[in-house]
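This note's numbering puts the first residue of the sequence shown at 33, with every later residue one more than the last.
We put the CB at the ideal spot given by N, CA and C, even for glycine.
None of these values were measured; they are calculated from a predicted model.
The block underneath contains the structure these notes are about, expressed in structure tokens.
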Amino acid sequence: LHDIAFVYEAQGKYAEALSRYHRALEMLEATLGPNHPDIAVSLNNIALLYEVQGDYAEALPRHQRALEISETALGPGHPNVANNLNSLATFYLSQDNYAEALPRYQRALAIFEATLDPNHPYIANNLNNLAVLYQTQGNQEQATIYLQRAAKIEEANLSNFLISGSESERQLYLNTFRGTTNTMVSL
């Protein structure tokens with residue numbers, strides 16, 4: 033059901049996608065219980081879809097519950113927790129709530145750096161998010177520092193993705209790299 037929901041979401045058929053995501057969540061909860069890590073993934077997907085639709089009141093509690101489940105089920109230092117923190121921070125950033133976004137981005141980065149390879153794309157993504165936050169606040173110096181760090185990671189990964197990645201992986205990675213480059217140029 034998640035795959036079907038994802039296809040509907042990609043097509044902009046949000047009502048159909050949301051219906052499938054909710055049905056998948058119900059099935060997962062019935063099968064795995066309410067506090068399984070897969071429940072957190074499902075809740076995060078639903079929260080992101082609500083965000084796309086501008087329904088922030090529905091998105092926030094799902095982001096928060098996803099984070100709570102991940103922390104309880106996996107421990108506070110797990111990369112999935114960092115993913116949930118990153119999603120929640122991005123939600124707060126979209127609401128111009130920098131005071132809530134910043135510590136979540138920072139904690140996510142600390143978890144990623146402690147658990148993943150130093151050149152992992154999740155670290156670059158998180159650094160880019162921090163750069164956007166600082167840029168939005170008008171702190172170009174901090175934004176530049178984070179963007180430069182992200183660019184180094186993306187450059188280190190570029191040849192790997194271009195040589196060994198599938199066509200879709202290459203395109204996705206090039207789009208990410210292009211976004212970082214465009215942001216750096218705009219500073």
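Beta carbon of residue i nearer than 8 Å to that of residue j
{"i": "Arg31", "j": "Ala62", "result": "Since the displayed the chain opens at 33 and closes at 219, residue 31 lies outside it and no answer follows."}
{"i": "Leu81", "j": "Ile71", "result": "no"}
{"i": "Leu92", "j": "Phe123", "result": "yes"}
{"i": "Ala105", "j": "His68", "result": "yes"}
{"i": "Leu162", "j": "Ile155", "result": "no"}
{"i": "Ala121", "j": "Ala133", "result": "yes"}
{"i": "Gln127", "j": "Tyr88", "result": "yes"}
{"i": "Ala146", "j": "Gly109", "result": "yes"}
{"i": "Val16", "j": "Tyr46", "result": "Missing from the structure shown is residue 16; the chain here goes from 33 to 219 and no further."}
Reduced DSSP category for residue i - H, G, I as helix; E, B as strand; rest coil
{"i": "Leu60", "result": "helix"}
{"i": "Lys184", "result": "helix"}
{"i": "Ser126", "result": "helix"}
{"i": "His34", "result": "helix"}
{"i": "His95", "result": "helix"}
{"i": "Asp149", "result": "coil"}
{"i": "Asp70", "result": "helix"}
{"i": "Pro108", "result": "coil"}
{"i": "Gln174", "result": "helix"}
{"i": "Ser198", "result": "coil"}
{"i": "Gln169", "result": "coil"}
{"i": "Gln203", "result": "helix"}
{"i": "Gln138", "result": "helix"}
Residue from the options whose Cα sits closest to the Cα of residue i
{"i": "Glu100", "options": "Ser191, Leu165, Leu190, Asn115", "result": "Asn115"}
{"i": "His34", "options": "Thr104, Ile78, Leu148", "result": "Ile78"}
{"i": "His152", "options": "Tyr166, Glu186, Tyr40", "result": "Glu186"}
{"i": "Asn112", "options": "Gly86, Asn129, Phe144, Val84", "result": "Phe144"}
{"i": "Arg139", "options": "Asn157, Asn118, Pro66", "result": "Asn118"}
{"i": "Lys184", "options": "Glu199, Asn157, Gln172", "result": "Asn157"}
{"i": "Pro66", "options": "Gly86, Glu199, Ser102, Ser196", "result": "Ser102"}
Spatial neighbours of residue i in its chain, beta-carbon cut-off 8 Å, leaving aside the 5 residues before and after
{"i": "Met59", "result": "Leu33"}
{"i": "Arg94", "result": "Leu75, Asn76, Ile78, Ala79, Tyr82"}
{"i": "Gln96", "result": "Leu120"}
{"i": "Tyr178", "result": "Leu159, Asn160, Leu162, Ala163, Tyr166"}
heavy atom of the ligand COA below 7 Å from residue i C-beta
{"i": "Thr168", "result": "The model on display carries no ligand, and the ligand COA is accordingly not part of it."}
Cβ-based neighbour list, residue i, same chain, cut-off 7 Å, excluding 5 preceding and 5 following
{"i": "Ala182", "result": "Ala156, Leu159, Asn160, Ala163, Thr212"}
{"i": "Glu41", "result": "Ala49, Leu81"}
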